[in-house]
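Taken in sequence, the protein lines are chains P and C. First residue of the first sequence? That's 1 in the working numbering, and the numbers climb one at a time after it. First residue of the second sequence? That's 1001 in the working numbering, and the numbers climb one at a time after it. Scroll down for the structure; my scribbles are underneath it.
There are 2 protein chains.
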Amino acid sequence: MTFGYISKHKQTILYGVALAVLLFLLKWLEWRFIIVDHTIELYAGCIAVIFTGLGVWLALKLSKPKTTVITVEKELRVNDSTFVLNEAALDETGISKRELDVLLLMAEGLSNQEIAERLFVSLNTIKTHSSNVFAKLDVERRTQAVEKAKRLSIIP
Amino acid sequence: MTFGYISKHKQTILYGVALAVLLFLLKWLEWRFIIVDHTIELYAGCIAVIFTGLGVWLALKLSKPKTTVITVEKELRVNDSTFVLNEAALDETGISKRELDVLLLMAEGLSNQEIAERLFVSLNTIKTHSSNVFAKLDVERRTQAVEKAKRLSIIP
DNA sequence: GCTAAATTCACCCTAAAGTATGACCGAAAT
DNA sequence: ATTTCGGTCATACTTTAGGGTGAATTTAGC
Chain P
1 MTFGYISKHK
11 QTILYGVALA
21 VLLFLLKWLE
31 WRFIIVDHTI
41 ELYAGCIAVI
51 FTGLGVWLAL
61 KLSKPKTTVI
71 TVEKELRVND
81 STFVLNEAAL
91 DETGISKREL
101 DVLLLMAEGL
111 SNQEIAERLF
121 VSLNTIKTHS
131 SNVFAKLDVE
141 RRTQAVEKAK
151 RLSIIP
Chain C
1001 MTFGYISKHK
1011 QTILYGVALA
1021 VLLFLLKWLE
1031 WRFIIVDHTI
1041 ELYAGCIAVI
1051 FTGLGVWLAL
1061 KLSKPKTTVI
1071 TVEKELRVND
1081 STFVLNEAAL
1091 DETGISKREL
1101 DVLLLMAEGL
1111 SNQEIAERLF
1121 VSLNTIKTHS
1131 SNVFAKLDVE
1141 RRTQAVEKAK
1151 RLSIIP
């Protein structure tokens, strides 16, 4: 955009204009008060202005643009399906490995009888384990146990 | 680095040096063959060189660096807690509103008695509803019903 | 080697869950 | 007007879950 270009090089343009105005002012004053031929100074001033412009143009043309790369990290929300066991919570409850086995199968909706068959132990054993789990999780029912265990990240 | 700076502005410096050399060459030739006072041209050349340098310096100093913004997508693993009900799955099961109410409270670990009190109906009503839910979800136990309902995104 | 904790199992008993069946009511659909 | 469906409730019965207690065996730490 034209406006964008102007605002971008505002200082450079301002410098050039100011220099030109200053020179003209000086010349005008000289002509007004001293009737002397100052063509040399005028000539020098013109050359200065022109070559300053040339230098600016050259520099802008030839110098590689200063690029500042700003890296912005954009959050990409991803559904985290990776379950990380909360060992701290597990230790706090004091649930043993075997009890955790029972709890896991419980969470899959198995009955005590099915869990017993799955783990090759008796139904009574599972009852004991599940009772211990309930006590350690401070709940009364298996559904509550599963719910709480999931909340504590003890099970997926 | 100094070397980096030189290589970066190689062309600019070359231009300046070439201009200076050219001027000196001209002056030297003039002095050698024509014995005339060419101080004005020498003066102009000096001014030209100096102001070209000034322009270059100015431009380099004042030119605003172009900023390039690069967005890098960073994966942020987040537990997506936004639950979206799978209405298609719900319709498929044929579970009614009331049955869903019971299922939700079931998932919270409440007993049939507690659900009955919560919904201001009798225990038998809850038993009927839960039995219907089990049949519609093709399961036998409440724990399985909760597990399956969660898998189907019928409940959070 | 001894002790403590974990694992296993048994028996009894109560509470809760689940099955089956039938019935009533009201709203919506045919 | 009749049927269908959802919601309500009841009764009878079976199965499962859960509490309490005790005990044998194994495992792991000191």
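For each residue, glycine too, the CB sits at the ideal point set by N, CA and C. This structure is a prediction, so every number in the text was calculated from the model and none was measured.
* First through last residue of the alpha helix (DSSP H) which encompasses P:L137 -> The sequence position of residue 137 of chain P within the first sequence is 137, counting from 1. Start and end: 123-137.
* To do: Compare the C-beta of C:S1111 with all C-beta atoms of chain P and state if any pair is closer than 8 Å.
  => The residue you call residue 1111 of chain C lines up with position 111 of the second sequence. Yes, C:S1111 counts as interfacial toward chain P.
* To do: Determine the DSSP secondary structure at P:E75, reduced to helix, strand or coil.
  => Here residue 75 of chain P refers to the residue found at position 75 of the first sequence. Strand at P:E75.
* Ends of the alpha helix (DSSP H) at C:L1090? -> Along the second sequence, read from residue 1 onward, the residue named residue 1090 of chain C stands at position 90. From DSSP, the alpha helix (DSSP H) with C:L1090 extends over 1087-1093.
* Neighbour flag for P:D53 against chain C, beta carbons, 8 Å -> Position 53 of the first sequence, counting from 1, holds the residue named residue 53 of chain P. Correcting the residue identity first, residue 53 of chain P is Gly in this sequence and not Asp. Cβ-Cβ to chain C under 8 Å: yes for P:G53.
* Asked: When the Cβ atoms of the stretch 139-152 of chain P are set against those of the stretch 97-106 of chain P, are three or more pairs found closer than 8 Å?
  -> yes
* Asked: At least one CB of chain C closer than 8 Å to the CB of P:V133: is that the case?
  -> As a first step, residue 133 of chain P is located in the first sequence; it is residue number 133 there, counting from the start. No - not a single Cβ of chain C is within 8 Å of the one on P:V133.
* To do: Check whether the stretch 1128-1144 of chain C touches the stretch 107-125 of chain P, counting contact only when three or more Cβ pairs, one atom from each stretch, lie closer than 8 Å.
  => yes
* **Distance between C:S1122 and P:L105 (C-alpha atoms, nearest Å)** => Start at 1 with the first residue of the first sequence, and residue 105 of chain P comes out as number 105. Start at 1 with the first residue of the second sequence, and residue 1122 of chain C comes out as number 122. Their Cα atoms are separated by approximately 31 Å.
* Helix, strand or coil for C:G1115 per DSSP? -> Counting from one through the second sequence, the residue named residue 1115 of chain C turns up at place 115. Checking the sequence shown, residue 1115 of chain C turns out to be Ile, not Gly. Three-state DSSP puts C:I1115 in a helix.
* Between C:G1055 and P:V69, is the Cβ-Cβ spacing less than 8 Å? -> Here residue 1055 of chain C is taken as the residue at index 55 of the second sequence, counted from 1. Here residue 69 of chain P is taken as the residue at index 69 of the first sequence, counted from 1. Result no, Cβ atoms of C:G1055 and P:V69 do not sit closer than 8 Å.
* Which residues of chain C have a Cβ atom closer than 8 Å to the Cβ of P:T93, listed in chain order? -> Counting from one through the first sequence, the residue named residue 93 of chain P turns up at place 93. By Cβ distance, chain C contributes nothing, its closest Cβ being about 16 Å from P:T93, past 8 Å.
* Asked: Leaving out five residues before and five after C:V1133 in sequence, what residues of the same chain have Cβ atoms less than 7 Å from its Cβ?
  -> Translated into the one-based positions of the second sequence, residue 1133 of chain C becomes position 133. Answer for C:V1133: I1095, E1099, V1102, L1103, A1145, listed in chain order.
* To do: Sort P:L137, P:I155, P:V84 by Cα distance to P:T93 and report the nearest one.
  => Numbered from 1 along the first sequence, position 93 holds the residue referred to as residue 93 of chain P. Measuring from the Cα of P:T93, the nearest candidate turns out to be P:L137.
* 8 Å CB neighbourhood of C:R1118 in its chain, flanking five on each side removed -> Here residue 1118 of chain C is taken as the residue at index 118 of the second sequence, counted from 1. Answer for C:R1118: L1105, L1110, listed in chain order.
* Could you check if P:L85 is buried or exposed, using at least 16 other CB atoms within 10 Å of its CB as the buried criterion? => Mapped onto the first sequence, residue 85 of chain P falls at position 85. Flag for P:L85 reads exposed.
* Please go through the same chain and pick out, in chain order, the residues whose beta-carbon is closer than 6 Å to the beta-carbon of C:E1087, but skip the five residues on each side of it. => Counting from 1 along the second sequence, the entry for residue 1087 of chain C is found at position 87. None.
* CB of P:W57 to nearest heavy atom of the ligand ADP: below 7 Å? -> Ligands are entirely absent from the displayed structure, and the ligand ADP is therefore not among its contents.
* Asked: Going along the chain, which residues of its own chain have a beta-carbon closer than 7 Å to the beta-carbon of C:P1156, five neighbours each way excluded?
  -> Position 156 of the second sequence, counting from 1, holds the residue named residue 1156 of chain C. Taken in chain order, the residues that qualify are F1083.
* To do: Evaluate P:A135 with the Cβ neighbour count: other Cβ atoms within 10 Å of its Cβ, from every protein chain shown; 16 or more gives buried, anything less gives exposed.
  => In the first sequence, counting from the first residue as 1, residue 135 of chain P sits at position 135. Exposed, because fewer than 16 other Cβ atoms sit within 10 Å of the Cβ of P:A135.
* Reduced DSSP secondary structure (H/G/I, E/B, other) of C:T1143 -> As a working note, residue 1143 of chain C is residue 143 in the second sequence. If DSSP states are grouped into helix, strand and coil, C:T1143 belongs with the helices.
* Asked: Should P:I70 be flagged as near chain C, meaning a C-beta pair shorter than 8 Å?
  -> As a working mapping, residue 70 of chain P is identified with position 70 in the first sequence. Yes, its Cβ sits closer than 8 Å to a Cβ of chain C.
* Which residues bound the alpha helix (DSSP H) around C:V1084? -> Reading the second sequence from its first residue, position 84 is the one you call residue 1084 of chain C. First-last for C:V1084: undefined, no H or E at that position.
* **Assigned exposure category for C:S1130 - 16 Cβ within 10 Å defines buried** => Reading the second sequence from its first residue, position 130 is the one you call residue 1130 of chain C. By the neighbour-count rule (16 or more Cβ atoms within 10 Å), C:S1130 is buried.
* Asked: Rounded to a whole number of angstroms, what is the C-alpha to C-alpha distance between C:D1091 and C:T1128?
  -> Against the second sequence, residue 1091 of chain C aligns to sequence position 91. Against the second sequence, residue 1128 of chain C aligns to sequence position 128. Computed Cα separation, rounded: 20 Å.
* Asked: If we cut at 8 Å on Cβ distances, does P:E117 have a partner in chain C?
  -> Here residue 117 of chain P is taken as the residue at index 117 of the first sequence, counted from 1. No, its Cβ sits nowhere closer than 8 Å to a Cβ of chain C.
* To do: At 7 Å on the CB atoms, spell out the chain C contacts of P:R141, in chain order.
  => If you number the first sequence from 1, residue 141 of chain P lands on position 141. Within 7 Å Cβ-Cβ: G1109, S1111.
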